[in-house]
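Reviewing the structure listed below.
Number of protein chains: 2
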Amino acid sequence: MRRVLASNDALAAAQRRKLDEHGVLGINIMSGPGAGKTSLVERTAEALGGRYRIQVIEGDIQGDLDARRVAAKGVGCVQINTQGACHLDGLMLGPALAEIDLGNLDLLIIENVGNLVCPAEFVLPVHYNVTVISTPEGSDKPAKYPLMFSKSDAIVINKMDLLPFVDFNVAVLKKAVRKLKPGITFVEMSTKTGAGVDQWVTWLEQKLRARRRSR
Amino acid sequence: MRRVLASNDALAAAQRRKLDEHGVLGINIMSGPGAGKTSLVERTAEALGGRYRIQVIEGDIQGDLDARRVAAKGVGCVQINTQGACHLDGLMLGPALAEIDLGNLDLLIIENVGNLVCPAEFVLPVHYNVTVISTPEGSDKPAKYPLMFSKSDAIVINKMDLLPFVDFNVAVLKKAVRKLKPGITFVEMSTKTGAGVDQWVTWLEQKLRARRRSR
């Protein structure tokens, strides 16, 4: 297992260098099932699709439900079916990346398989890992899935519209996540109502501009 | 991988025979993170703890939050920490099962790691697999995690109290699950309000009585 992970680390690093050569920003979005990854991608495409060239890679065990949702927002989308595997990795991404014209791209969004465990172990060719946690899941999740939170650069707390109806304590969640990853960014959001999307877009645009300047 | 799974199948079958020798009913509860597995175990302990001898095995990557919640309900509970692994399997259950006095037991409940992917591949020493899906996760989950649903004997649709506030279609979910597993049992529930718990308890008691008669 250690050898598999080390070989994936090396492959992902090589793939990320290709993104760097073209000044493309890579984002890996992770969460448990149904937390709102695809809705976040849709909101991002709506907000930034007019100003940036965006490409999405959709990771799913089976089917193309999410890829069709994303493509309907007018951005490029490649579907990867993992055929049972619980995460994406560099080997699976290879053929998808080969299809994408990196010279004609600003932002690559990879939506991982819905799983708070395995995806955290496999480095992807991105610059930032984003984890979506939704309020109905409960604020005890960082204690139970620590690796995922410790590997994240930003946490989207989604389904804030459901906060009055569920047992979720935002302060408790933030405190637990900061113990695992000091200085991490939080964005409170409802992909359903659109609240907080502007804050997410601001964070992403800062990263996009920094990448352009670094070329 | 096929050899690992086959070896686990054989181990789980041997472990289940030990349950059978003592007339113990085994239940494996699976779901994504935060769907309500532990709350379901708590409700079960409250409803049946006075009439049946219940033992719970809690599977978590790390920590003992859930085990402490369950033990507070007055039933026996053994915690297994998988140390990063995304599922329970027969090897991990061995030491926990050795601690349990099967001759003094009616019902063994195993709460799996919160994950809709990997636990479906590893057979456990139980008679029924139960998957909890919560309404905020969305009714498209059977299409995306088909193995989990096809391996289940009953589906608990939890967080029915949130139905007015989320995009979840009960009929769509049931239809999709029945395609994967015809004749499967559904229980609509809110572990929070207690609605539907009686239906779950009825299902479980039928299985408990049948097991006693079969001895």
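Top line first, the protein sequences correspond to chains D and G. In terms of my numbering, the first sequence opens at residue 1 and continues consecutively. In terms of my numbering, the second sequence opens at residue 1001 and continues consecutively. Here a beta-carbon is modelled for each residue, glycine too, at the ideal position from N, C-alpha and C.
Pair within 9 angstroms by beta-carbon distance, residue i and residue j
| i | j | result |
| --- | --- | --- |
| Ala1166/G | Leu162/D | Looking at the sequence provided, one finds Val at residue 1166/G rather than Ala. For Val1166/G and Leu162/D, yes; Cβs fall inside 9 angstroms. |
| Ser1139/G | Phe1168/G | yes |
| Ser190/D | Met160/D | yes |
| Ala1143/G | Leu65/D | yes |
| Asn1112/G | Lys1037/G | yes |
| Leu173/D | Lys141/D | yes |
| Asp118/D | Cys1077/G | A quick correction: the sequence has Cys, not Asp, at residue 118/D. Contact flag unset, no. |
| Ala1047/G | Asp1198/G | yes |
| Leu216/D | Lys18/D | Here chain D covers residues 1 to 215 and nothing more, so residue 216/D does not appear. |
| Gly23/D | Arg209/D | no |
| Pro1136/G | Pro136/D | yes |
| Ile110/D | Ile27/D | yes |
Residue i versus residue j: straight-line alpha-carbon distance, rounded
| i | j | result |
| --- | --- | --- |
| Gly1114/G | Asp1060/G | 8 angstroms |
| Arg53/D | Phe1122/G | 42 angstroms |
| Asp153/D | Leu1025/G | 44 angstroms |
| Pro182/D | Val1070/G | 31 angstroms |
| Gly63/D | Tyr145/D | 26 angstroms |
| Ile57/D | Ala85/D | 16 angstroms |
| Val1177/G | Glu1188/G | 14 angstroms |
| Leu93/D | His1127/G | 39 angstroms |
| Asn158/D | Trp203/D | 16 angstroms |
| Gln1055/G | Ala195/D | 44 angstroms |
| Ile80/D | Glu1205/G | 43 angstroms |
| Pro164/D | Glu1021/G | 48 angstroms |
| Gly50/D | Leu1180/G | 41 angstroms |
| Leu116/D | Ser39/D | 17 angstroms |
| Lys175/D | Arg1068/G | 21 angstroms |
| Glu1099/G | Ala1120/G | 25 angstroms |
| Val1201/G | Glu1042/G | 12 angstroms |
Collapsed DSSP secondary structure at residue i in the structure displayed
| i | result |
| --- | --- |
| Thr185/D | strand |
| Asp198/D | helix |
| Asp1064/G | coil |
| Thr44/D | helix |
| Ala10/D | helix |
| Thr1038/G | helix |
| Thr1193/G | coil |
| Leu1025/G | strand |
| Val1075/G | coil |
| Ser1031/G | strand |
| Ser1139/G | coil |
Next item on the list: Pair every Cβ in the segment 1024 to 1040 of chain G with every Cβ in the segment 1131 to 1143 of chain G, then say whether three or more of these pairs are closer than 8 angstroms.
Entry: yes
Note to self: Check whether the segment 3 to 16 of chain D and the segment 74 to 91 of chain D are in contact - that is, three or more C-beta pairs closer than 8 angstroms.
What the structure shows: yes
Notebook entry, point to check: Where in the segment 78 to 118 of chain D do unbroken runs of the beta strand (DSSP E), each at least 3 residues long, occur, reported from the N-terminal end onward?
Noted result: 107 to 111
Next item on the list: Spell out a yes or no on whether the segment 102 to 109 of chain D and the segment 1100 to 1108 of chain G are touching, meaning 3 or more CB-CB pairs, one atom from each, closer than 8 angstroms.
Entry: no
Check: Enumerated in chain order, which unbroken segments of the alpha helix (DSSP H) with a length of 4 residues or greater are wholly contained in the segment 1144 to 1187 of chain G?
Finding: 1146 to 1150 and 1170 to 1180
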